[in-house]
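Those protein sequence lines, which keep their order, are chains A and X. Just add 1 to the spot in the first sequence (first one is 1) and you have the working numbering. Just add 12 to the spot in the second sequence (first one is 1) and you have the working numbering. Yeah, the Cβ is synthetic: ideal placement off N, Cα and C, and Gly gets one too. Quick notes on the structure that follows.
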Amino acid sequence: SQQGEEDPQALSIQEGENATMNCSYKTSINNLQWYRQNSGRGLVHLILIRSNEREKHSGRLRVTLDTSKKSSSLLITASRAADTASYFCATGYNNNDMRFGAGTRLTVKP
Amino acid sequence: GAGVSQSPRYKVAKRGQDVALRCDPISGHVSLFWYQQALGQGPEFLTYFQNEAQLDKSGLPSDRFFAERPEGSVSTLKIQRTQQEDSAVYLCASSFDRGYGNTIYFGEGSWLTVV
Chain A
2 SQQGEEDPQA LSIQEGENAT MNCSYKTSIN NLQWYRQNSG RGLVHLILIR SNEREKHSGR
62 LRVTLDTSKK SSSLLITASR AADTASYFCA TGYNNNDMRF GAGTRLTVKP
Chain X
13 GAGVSQSPRY KVAKRGQDVA LRCDPISGHV SLFWYQQALG QGPEFLTYFQ NEAQLDKSGL
73 PSDRFFAERP EGSVSTLKIQ RTQQEDSAVY LCASSFDRGY GNTIYFGEGS WLTVV
């Protein structure tokens with residue numbers, strides 16, 4: 002069964018705008034990871050945040066984690082058409098129980 | 013190798029046919045995972061190996077699904093007597109160690125269509 006739930010299911014924005022996606026989960030975790038999947042391709046790891054971290058940055062990506070609310074957000078700043086993809090969060094206590102949500106489908110219009 | 017390699021990339025099987033999907037993980041990676049992804053959905057966990065040991069197979073949907081990793085490197089996911097509901101992308105992933113917080117690297121997937 003899937004653990005995380007991404008919100009919204011779909012998001013459409015103009016190039017240059019920021020995109021925010023949220024992930025909620027149910028049980029205790031050690032880490033939360035965000036992945037991107039282009040249509041017809043495998044998943045690409047974006048960023049990992051540990052349960053004792055609150056915020057992490059990587060380039061145009063900013064991830065926050067609120068363990069009290071069991072939620073995380075992924076912010077993509079200054080979006081580009083190439084950011085069009087599905088974004089998934091994966092949560093787990095150990096790597097061998099990483100579970101994915103249904104994803105947010107982001108469309109960035111040029 | 014440079015990344016996780018899966019073959020075949022695309023497979024069309026007739027209902028009732030057996031299929032075998034191969035995964036070559038990144039060299040030296042201890043952990044190997046199989047996921048099933050239906051169209052428009054997120055990946056669903058199938059099974060997990062640590063070296064040659066299959067430590068978790070709780071996600072395998074039926075006894076028609078079988079996975080092995082006999083030498084702790086290459087893994088094969090076998091589906092017997094395929095059904096139409098088996099049509100999905102089968103993703104293989106590997107990570108360096110079993111410890112939490114290791115990045116999981118995914119292959120491009122094997123697209124299975126059962127007709």
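Which full runs of the beta strand (DSSP E) of 3+ residues lie inside the region 61-97 of chain A, going along the chain? 62-67, 72-77, 86-93
Counting contacts by CB-CB distance shorter than 8 angstroms, is residue 58 of chain A in contact with chain X? no
C-alpha gap between residue 26 of chain X and residue 97 of chain X, whole angstroms: 12 angstroms
Kindly indicate the opening and closing residues of the beta strand (DSSP E) around residue 116 of chain X. Careful: residue 116 of chain X lies outside any beta strand (DSSP E) and carries neither H nor E.
Among X:126, X:29, X:94, X:38, whose alpha-carbon lies nearest the alpha-carbon of residue 63 of chain X? X:38
Is the Cβ of residue 53 of chain X closer than 8 angstroms to any Cβ of chain A? yes
Count the other CB atoms, across all protein chains shown, that sit within 10 Å of the CB of residue 48 of chain X; report buried if there are 16 or more and exposed otherwise. buried
Does the beta-carbon of residue 50 of chain A, which I'm using as the reference point, lie nearer than 7 angstroms to any heavy atom of the ligand ADP? The ligand ADP is absent from the structure shown, which contains no ligands of any kind.
For residue 86 of chain A, which residues from the same chain have a beta carbon less than 7 angstroms from its beta carbon, with the 5 sequence-adjacent residues on both sides left out? 37, 38, 39, 107
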